[in-house]
Structures are given as C-alpha cells and as structure tokens.
C-alpha cells in the first residue's frame, strides 16, 4: 500500500478532506426532498438523520479546533445525550434547512482549519471517544466522515470513489484497532490490488477475507461483503465493530 494519509503535509490532507466534502455535498444535493425520510445504507438512520449527523459532526470538530486555537476546553459534544439530541432535532428540519446546516457548519470548520497555525495543529484535544490527539487529527476524522457517509447516503457513491491513499490508511487502521482490542482472532485480510497481506491477529490464520482495497474498506467498515470473499469461497463473516 502507498504512503499513509498521516505522512502527507497538512495542506495535502486538507485538500483531500475538502475533496471529500465536495463529494459528500454533491450526494446530499442529489437527494430529492421527498426522499429525506428514506433509509440509508445505515439502516438505523434516515437520510435526514444521517445528514444532520454529518452537519453536527463538523460543528463538533470546530469545537476541537477552537480548543486548539485558544486553550479553552470545548469538547465535541457536552454529553453523549447532547449528540443524540442534536441529530434528532436536525432530522426534523425541512430538507432545505438540513442542506443549509451542512453548508454552514462545513464553512465554519473550513475557516477554522485555514486559521490554524503550525503550533495549533500540534495542540492536543480530546475526542468524543476520550482519546487525546493533536488537532491535526480532526482532518483525518472528518475525512473518514465525509467519504464514508457519502456512500451511506445511497445516492450513487461507492467506496471505489474514495482516493487510494485514504483507503490504504483506513483498512490497516481498522485492522489495528481490532488487534488492540483482541478482536478478529485468526483473521487476515488480503488486498488483491497489490497482493498485500494484513494480519489482524498474530498466530494461526483461520479466516482470510480478500478483495480489492475498496472492497476490503467496505467490509471492514461494516458496509457489506459485496466486494470481498473468503479464500475458500465460504460465507464471509461479519466484521468486528471498529467505532
């Protein structure tokens, strides 16, 4: 696999997240108003709920950038309940207002990134999962958000649309999270694009899931097994959770 997303200079990372934001926005704008109540590829959420989530995620990351700029501790969400309440409220808005919310929160986050100094990118913030990370990690967090949820909107996007450097960072990252959590015992991933093997856990291999990089990314993120198969052509298992 190629260089990691995290090895890129920050302007290059920001360019990729902005490309993803434009891609996501195009998918959102393609949804008819009457279809905002339909299910997405995340069956628990309608298009309105997913769009509200993505919009408020931008606002939450903007909070972290304020923290990085000022030192004033502003968490992504006041509480987990606050996050859920925001999504529930946002989903009740008319489609035109949901789109406006997306545009406004995205513009504010973009401005925060534009105003970030070299020092501020290195300042530590705490994610909603309780992880302490440099503020630069907000770019990767948002990159995953917009590229993956563009697919989830079920308006025509696919994992094949996602730039290779993002996929080649995402798949090993998720495999590493499984490994660190003691999940995926005996599981190995095989990327047929470049014949690269990714061991999820050391020791005896019992299940090999293989496919294109885009197919593996779709599977490891829990978006289905259409792009992968096992080495013995048996049933593809459900992947462990990653978030």
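Residue numbers (UniProt numbering): 1 to 243. Just so you know, even glycine gets a beta-carbon here, dropped at the ideal spot from N, CA and C. Please read all numbers here as calculations on a predicted model, not as lab measurements.
The C-beta separation of residue 190 from residue 208 comes to about 6 Å, placing the pair in contact by the 8 Å criterion.
Straight-line measurement puts the Cα of residue 152 at about 6 Å from the Cα of residue 42. Excluding the 5 residues flanking it on each side, residue 57 has same chain C-beta neighbours closer than 6 Å at 145, in chain order. Within its own chain, the residues whose Cβ lies closer than 7 Å to the Cβ of residue 177, once the five positions on either side in sequence are excluded, are 242, listed in chain order. Restricting attention to 73, 77, 220, 231, the CA atom closest to the CA of residue 238 is found in 220. Judged by DSSP secondary structure, residue 173 falls within the alpha helix (DSSP H) whose first and last residues are 164-180.
With the rule of 3 Cβ pairs closer than 8 Å, the segment 58-69 counts as touching the segment 105-119. DSSP places residue 90 outside any beta strand (DSSP E); the residue lies instead in the alpha helix (DSSP H), whose first and last residues are 80-90. In the displayed model, residue 11 falls within a helix according to three-state DSSP. Taking residue 91 as the centre and dropping the five residues before and after it, the same chain places the C-beta of 46, 48, 49, 52 closer than 7 Å to its C-beta, in chain order.
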